[in-house]
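S.K.:
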Amino acid sequence: MPKAKEGSSAATNRTVVERKSDHELVVTRMFDAPAHIVFEAWSNPELFKLWWVPKSAGMSLVSCDMDVRTGGAYRLVFSHPAFDQPMAFFGTYREVTPNKRIAWTNEESDEGAVTTVTFEEDAGKTRVTFHERYPTEAALDEALAGSAEGLPEQFAQLDELLADRS
Amino acid sequence: MVHYQARLDATFAALSDVTRRGVLEQLGDSDASITDLAQRFRMTLTGMKKHVSILEQAGLVTTEKVGRVRTCTLGRRRLEEEAAWIERHRELWSARFDALDKLVDHLKRKEKADAQSKRR
Numbered sequence: 003m004p005k006a007k008e009g010s011s012a013a014t015n016r017t018v019v020e021r022k023s024d025h026e027l028v029v030t031r032m033f034d035a036p037a038h039i040v041f042e043a044w045s046n047p048e049l050f051k052l053w054w055v056p057k058s059a060g061m062s063l064v065s066c067d068m069d070v071r072t073g074g075a076y077r078l079v080f081s082h083p084a085f086d087q088p089m090a091f092f093g094t095y096r097e098v099t100p101n102k103r104i105a106w107t108n109e110e111s112d113e114g115a116v117t118t119v120t121f122e123e124d125a126g127k128t129r130v131t132f133h134e135r136y137p138t139e140a141a142l143d144e145a146l147a148g149s150a151e152g153l154p155e156q157f158a159q160l161d162e163l164l165a166d167r168s
Numbered sequence: 006m007v008h009y010q011a012r013l014d015a016t017f018a019a020l021s022d023v024t025r026r027g028v029l030e031q032l033g034d035s036d037a038s039i040t041d042l043a044q045r046f047r048m049t050l051t052g053m054k055k056h057v058s059i060l061e062q063a064g065l066v067t068t069e070k071v072g073r074v075r076t077c078t079l080g081r082r083r084l085e086e087e088a089a090w091i092e093r094h095r096e097l098w099s100a101r102f103d104a105l106d107k108l109v110d111h112l113k114r115k116e117k118a119d120a121q122s123k124r125r
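Residue numbers (my numbering), protein chains in the order written: chain A, 3 to 168; chain B, 6 to 125.
1. Do we get a CB-CB distance below 7 Å when we pair A37 (chain A) with the residues of chain B?
2. Which residue comes first and which comes last in the alpha helix (DSSP H) that contains T24 (chain B)?
3. For a quick check, are the C-beta atoms of T72 (chain A) and E97 (chain A) less than 7 Å apart?
4. Quick one: is L105 (chain B) near chain A, going by C-beta distance under 7 Å?
5. Can a CB atom of chain A be found closer than 7 Å to the CB of A120 (chain B)?
6. By Cβ distance, which residues of its chain are closer than 6 Å to V79 (chain A), with the 5 residues on each side in sequence left out?
7. Can you find a CB in chain B that lies within less than 7 Å of the CB of R31 (chain A)?
8. DSSP state of E113 (chain A), grouped into three classes?
9. Opposite V130 (chain A) in the DSSP bridges: which residues?
10. Evaluate the contact criterion for the segment 54-72 of chain B versus the segment 20-38 of chain B: three or more CB pairs, one atom per stretch, below 8 Å.
11. Output, in chain order, the set of chain B residues within a Cβ distance shorter than 7 Å of T17 (chain A).
12. Any beta carbon from chain B within less than 7 Å of W106 (chain A)'s own beta carbon?
13. Measure how close the beta-carbons of S45 (chain A) and V29 (chain A) come, nearest whole angstrom, since I'm counting them as under 8 Å.
14. Closer than 8 Å by beta-carbon distance: list the chain A residues that pair up with E116 (chain B), in chain order.
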């Protein structure tokens, strides 16, 4: 593999998506930065909304409230031309350990997943592991059936925005 | 590809048993309930449930319960669906994490620049 140039890590750090068991979805990725920076991008709502939302699919984030501490709540509201009304995702942070781990519930449905993201720093790089555990296989299948439809292949708008900022 | 390795292991383990291979052959002809299969292979319901559950875990069979009857279907389609699903999710998460990667890179440079300007 050719040596990565600085700033081109997106091309070489692969995102791996696995269905670990009938109930679990796991996504992993290496980031070329210390854990405190990746954690900041994940836990600061102003930064989080710059990368989480698939803007090129026509979705927009109407509001983004995140009280990222153990016991704190979050509420994300999305709108899309195809939705009759905005769609809300909400829940509670079960565990927040700065720069290491965030776990939250997904309470918008009865069979919502419990999501955990961990940040493991090694030699200035950070491995991010996103882990969703559904209570039943059917709940995972249902989430799978709907969630990924029509999502964008790239975040063109976000790329532009970030290019302007840097 | 640990996932596929594990899936293959499960598939081979499932196929290592003569009854389970017979069940797959049977389901290749038509769907059947667990009760049907138990009778056909002269087994207890509990024994057949175990075999079906192993086939199900390997993704070779899917089952659906309607009322009191659990019907078994050959699960090849499901494996294809799963591959398609994984691919869609990979696209979403790649896009999302590529964007995060760019943001993180920007924040890292900013932190470095801030530290340097403080030093001056």
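Beta carbons are placed, not taken as given, at the ideal position from N, Cα and C, and that holds for glycine.
M.R.: This is what the structure holds:
1. no
2. 23-34
3. yes
4. yes
5. no
6. V64, S65, P88, A90
7. yes
8. coil
9. A:R31, A:F121
10. yes
11. R95, W98, S99, F102
12. no
13. Going by Cβ atoms, the distance from S45 (chain A) to V29 (chain A) rounds to 18 Å, so no, they are not a contact pair.
14. I39
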